[in-house]
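Asker: Pasting a structure here, questions to come.
In our numbering, the protein residues as written are 379 to 576.
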């Protein structure tokens, strides 16, 4: 769970300029002002991290570059949809990274690893699929329904990820318990493993 929160915080940081832009658009702030604020937030993030001598991920550099490119296009065309399309690129990149087989295995506790490897590998691909669906949905909403985009960005990515996490947790837990019982583990060992996993 701690790893999931850490990953979510990192993604939130990478998407902060886009989130600032979404809030400002929802508040009916002028496109040029909202875009300029988004670019400023992205640049300030990198500058602060540099001053603190923190590692800056490739995704964060890419996020800043996308804000600059899409933001400039939005300002020149006076069309917010250019910047609204930015999360599509980020979600697609994350989806591609998640296509690596077994990337979720590090989140398994030791005992569960013996019994939950296959479902965790499968769910790794499901997560990649969700990222691609989110990327495509974001692009459709940004182009065809720009007025609804801030609400979409605030609701769909978060709700879909919470729902998938709940489905994955319950499914993997059930399958791991069933596999442990089939392998002859006692109820005490199973309960101890589940407590460790929580």
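For glycine and all other residues, C-beta sits at the position ideal for the given N, C-alpha and C.
Return no unless some Cβ of chain D is closer than 8 angstroms to the Cβ of residue 411.
Answerer: Chain labels in this structure do not include chain D; a single protein chain is all it has.
Asker: Can the beta-carbon of residue 398 be found closer than 8 angstroms to that of residue 415?
Answerer: For residue 398 and residue 415, yes; Cβs fall inside 8 angstroms.
Asker: In this structure, does DSSP put residue 493 in helix, strand or coil?
Answerer: Correct three-state label for residue 493: helix.
Asker: Between residue 454 and the ligand COA, is the CB less than 7 angstroms from at least one heavy atom?
Answerer: Questions concerning the ligand COA fall outside what the structure shown contains, since it holds no ligand whatsoever.
Asker: Count the other CB atoms, across all protein chains shown, that sit within 10 Å of the CB of residue 468; report buried if there are 16 or more and exposed otherwise.
Answerer: Answer is buried; the Cβ neighbour count reaches 16.
Asker: Helix, strand or coil for residue 481? Go by DSSP, reduced to three states.
Answerer: Looking at residue 481 - three-state DSSP - the assignment turns out to be coil, as it is neither helix nor strand.
Asker: Which residues mark the beginning and the end of the alpha helix (DSSP H) in which residue 460 is found?
Answerer: Segment 459 to 462, the alpha helix (DSSP H) holding residue 460.
Asker: Just to confirm my understanding: we take residue 528, look at its own chain, exclude 5 residues before and 5 after, and list those with CB closer than 8 angstroms. What are they?
Answerer: 400, 401, 403 and 404.
Asker: Quick check: the Cα distance between residue 452 and residue 544, rounded to an integer number of angstroms?
Answerer: Distance between the alpha carbons of residue 452 and residue 544: 37 angstroms.
Asker: I'd like to check one pair, residue 476 with residue 509: are the Cβ atoms closer than 8 angstroms?
Answerer: Yes, the Cβ-Cβ distance between residue 509 and residue 476 is below 8 angstroms.
Asker: Since residue 552 is in the alpha helix (DSSP H), which residue starts that stretch and which ends it?
Answerer: Unbroken alpha helix (DSSP H) run through residue 552: 527 to 560.
Asker: The alpha helix (DSSP H) with residue 428 in it runs from where to where?
Answerer: Unbroken alpha helix (DSSP H) run through residue 428: 409 to 429.
Asker: Would you report the Cα separation of residue 438 and residue 559, rounded to the nearest angstrom?
Answerer: About 44 angstroms.
Asker: Taking Cβ to Cβ, would you say residue 456 is nearer than 8 angstroms to residue 504?
Answerer: In this structure, residue 504 does not lie closer than 8 angstroms to residue 456 by Cβ.
Asker: How many Å lie between residue 460 and residue 493 at the Cα?
Answerer: Cα-Cα distance, rounded: 46 angstroms.
Asker: Could you tell me which of 465, 411, 432 and 555 sits nearest to residue 532, measuring between CA atoms?
Answerer: It is 465 whose Cα lies nearest to the Cα of residue 532.
Asker: Find out if the Cβ-Cβ distance for the pair residue 412, residue 458 is shorter than 8 angstroms.
Answerer: Their beta carbons are under 8 angstroms apart, which means residue 412 touches residue 458 by this criterion.
Asker: Of the residues 434, 431, 446 and 407, which one's Cα is nearest the Cα of residue 419?
Answerer: Checking every option, the nearest Cα to that of residue 419 belongs to 446.
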